[in-house]
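Student: Residue numbers (our numbering), protein chains in the order written: chain G, 166 to 233; chain X, 36 to 349.
Note that the Cβ used here is the ideal one computed from N, Cα and C, for glycine as well.
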Amino acid sequence: MVFDKVKEILGEYVDTEITMETAFDDLGIDSLDMLDMVMKVEEELGVEIELNPSITTVGALVELIESK
Amino acid sequence: MIKTPLCELLGIEYPIFQGGMAWIADADLAAAVSNGGGLGIISAMNAGGDWLRDQIRKAKSMTDKPFGVNIMLMSPHVDEVAQVVAEEKVAVVTTGAGNPTRFMDKWIAAGIKVIPVVASVALAKMAQRAGASAVIAEGGESGGHVGDLTTMVLVPQIVDAVDLPVLAAGGIGDGRGVAAAFMLGAVGVQLGTRFLVANECNVHENYKKKVLKAGDVDTIMTGKRLGHPVRQIKNQFSRNYFKAEYSSISDEELEQMGVGSLYKAAIEGNEKEGSFLAGQISAIVNKEQPAAEIITEIFAEAEEVLKGAGKWVR
Numbered sequence: 166m167v168f169d170k171v172k173e174i175l176g177e178y179v180d181t182e183i184t185m186e187t188a189f190d191d192l193g194i195d196s197l198d199m200l201d202m203v204m205k206v207e208e209e210l211g212v213e214i215e216l217n218p219s220i221t222t223v224g225a226l227v228e229l230i231e232s233k
Numbered sequence: 036m037i038k039t040p041l042c043e044l045l046g047i048e049y050p051i052f053q054g055g056m057a058w059i060a061d062a063d064l065a066a067a068v069s070n071g072g073g074l075g076i077i078s079a080m081n082a083g084g085d086w087l088r089d090q091i092r093k094a095k096s097m098t099d100k101p102f103g104v105n106i107m108l109m110s111p112h113v114d115e116v117a118q119v120v121a122e123e124k125v126a127v128v129t130t131g132a133g134n135p136t137r138f139m140d141k142w143i144a145a146g147i148k149v150i151p152v153v154a155s156v157a158l159a160k161m162a163q164r165a166g167a168s169a170v171i172a173e174g175g176e177s178g179g180h181v182g183d184l185t186t187m188v189l190v191p192q193i194v195d196a197v198d199l200p201v202l203a204a205g206g207i208g209d210g211r212g213v214a215a216a217f218m219l220g221a222v223g224v225q226l227g228t229r230f231l232v233a234n235e236c237n238v239h240e241n242y243k244k245k246v247l248k249a250g251d252v253d254t255i256m257t258g259k260r261l262g263h264p265v266r267q268i269k270n271q272f273s274r275n276y277f278k279a280e281y282s283s284i285s286d287e288e289l290e291q292m293g294v295g296s297l298y299k300a301a302i303e304g305n306e307k308e309g310s311f312l313a314g315q316i317s318a319i320v321n322k323e324q325p326a327a328e329i330i331t332e333i334f335a336e337a338e339e340v341l342k343g344a345g346k347w348v349r
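1. Please name the residues in the region 194 to 211 of chain G whose beta-carbon is closer than 8 Å to at least one beta-carbon of chain X, in chain order.
2. Can you tell which of Gly-75/X, Ile-106/X, Leu-64/X has the C-alpha that lies nearest to the C-alpha of Ala-82/X?
3. Tell me which residue opens and which closes the beta strand (DSSP E) that Glu-213/G is part of.
4. Restricting to Cα atoms, I'd like to know which of Leu-226/X, Lys-269/X, Lys-245/X is closest to Val-252/X.
5. Using a Cβ-Cβ distance under 7 Å, would Leu-226/G count as near chain X?
6. Between which residues of its own chain and Asp-85/X is the CB-CB distance below 8 Å, once the five residues before and five after are set aside?
7. Taking the Cβ atom as the reference point for each residue, do Met-187/X and Gly-166/X lie within a distance shorter than 7 Å?
8. For the alpha helix (DSSP H) containing Met-218/X, name the first residue and the last one.
9. Closer than 7 Å, CB to CB, is Ser-155/X near chain C or not?
10. Thinking Ala-233/X and Ile-329/X are a contact (beta carbons under 8 Å), I'd like their distance in whole angstroms, please.
11. Scan the region 242 to 281 of chain X and note each continuous alpha helix (DSSP H) run of 4 residues or more that stays entirely inside, going in chain order.
12. Got a sec: is the Cβ-Cβ distance from Asn-70/X to anything in chain G below 7 Å?
13. Can you grab the Cα-Cα spacing for the pair Lys-248/X / Thr-98/X, in whole Å?
14. What number of angstroms, rounded off, separates the C-alpha of Ala-132/X from the C-alpha of Val-238/X?
15. Taking Cβ-Cβ distances shorter than 8 Å, what residues in chain X pair up with Glu-215/G?
16. Can we say the region 37 to 48 of chain X touches the region 65 to 76 of chain X, given the rule of at least three CB pairs closer than 8 Å?
17. Can you tell me where the alpha helix (DSSP H) holding Gly-84/X begins and where it ends?
18. So, does the CB of Leu-158/X fall closer than 7 Å to a CB anywhere in chain G?
19. Determine whether the Cβ of Gly-262/X lies closer than 7 Å to any Cβ atom of chain G.
This is how it looks when you write it as structure tokens:
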């Protein structure tokens, strides 16, 4: 559920196939895109996300959101 | 006199910050700017905690006015210097090259006013949520680490997005720029390049000469490929780097090309191999003068420009 939403929002930035293992670095989005994307996820899911350097994959972001 | 809420917030006379420039913005420059009525800033750059602590204590011995420290978030020593500023309880911490929110609770608990440099609306909103006292909207005209958006485009959007005082940075070098920034909704400005040529700035003489001589098209943006673009003055180093960026060399090799280039520019004055970070506004920075004089001159001019701004309104 959270994954589907993240995948949908990420789809606005990139065309590549997105899985839980996808690393943000490999998507070629820069740090400003990343923040912009996180703000959109926050707005759509109504959660506050505290980004930290360990959030490097889609899966890590999804787990963080699900732990809220 | 130009007074804005930023002056009250920080206890400074003029709403102007001196940008944190790696290998350039040390205690001498920061103290001179603070003594001149602005907010001087020491750059923590890639240095370790001991160096920064010495600089902070030196600045404290040179001025009783508030000053700040700029934390460059990509620094390998970022955790250490983040701790040092909290222990030394500096008045203001500005941050650059990333998202500072993971450090902000600690700084705010130490009584520090946190004022992140932001290059996008999302980053500004996150900074506000994490307790920032103000934000610096820095456009890509500036020197050093840059975002894509220009100051003209970024500042009004940040002003609309947050309920905080906004400083404008990037492309400001005189009173006209300050007045324009105020028109966009900013209540303060941050200047780096203009202060680089201040008498009290210890950067190598060759660096100052490069900035003083630079014309309108003399800076270039490099480093986009590695995800952390910087603006610098065109020379042999920056042209080679720019070419290499679009060649087949690996990211690691490209990264390696940049190592030590800032030191070569700022400390050694090596005109060929150094990386002379500076803003586009270098073109109108044409004289060396004391930091205090830079500030009074800029604000006298800004006042004149702002007073005349109504002349087209009928």
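Tutor: The answer reads as follows:
1. Within the region 194 to 211 of chain G, the residues whose Cβ lies closer than 8 Å to some Cβ of chain X are Asp-195, Ser-196, Leu-197, Leu-200, Asp-201, Val-203, Met-204, listed in chain order.
2. Ranking the options by Cα distance to Ala-82/X, first place goes to Ile-106/X.
3. That residue, Glu-213/G, is in no beta strand (DSSP E); it is neither H nor E in DSSP.
4. The residue from Leu-226/X, Lys-269/X, Lys-245/X with its alpha-carbon nearest to that of Val-252/X is Lys-269/X.
5. By this cut-off, Leu-226/G is not an interface position.
6. Within the same chain, Asp-85/X has no close Cβ partners at all.
7. In terms of Cβ geometry, Met-187/X and Gly-166/X do not form a close pair [threshold 7 Å].
8. Taken as a continuous stretch (DSSP letters only), the alpha helix (DSSP H) holding Met-218/X covers 210 to 218.
9. Of the protein chains in this structure, namely G and X, none is chain C.
10. Contact holds; Cβ gap of about 6 Å.
11. Runs found: 271 to 280.
12. Closer than 7 Å: no.
13. Computed Cα separation, rounded: 32 Å.
14. Each residue's alpha carbon lies about 22 Å from the other.
15. What Glu-215/G touches in chain X: Thr-136, Arg-137.
16. Inter-segment contact for the region 37 to 48 of chain X and the region 65 to 76 of chain X is present: three or more beta-carbon pairs are separated by less than 8 Å.
17. DSSP places Gly-84/X inside the alpha helix (DSSP H), whose first and last residues are 84 to 97.
18. Leu-158/X counts as touching chain G.
19. Yes, its Cβ sits closer than 7 Å to a Cβ of chain G.
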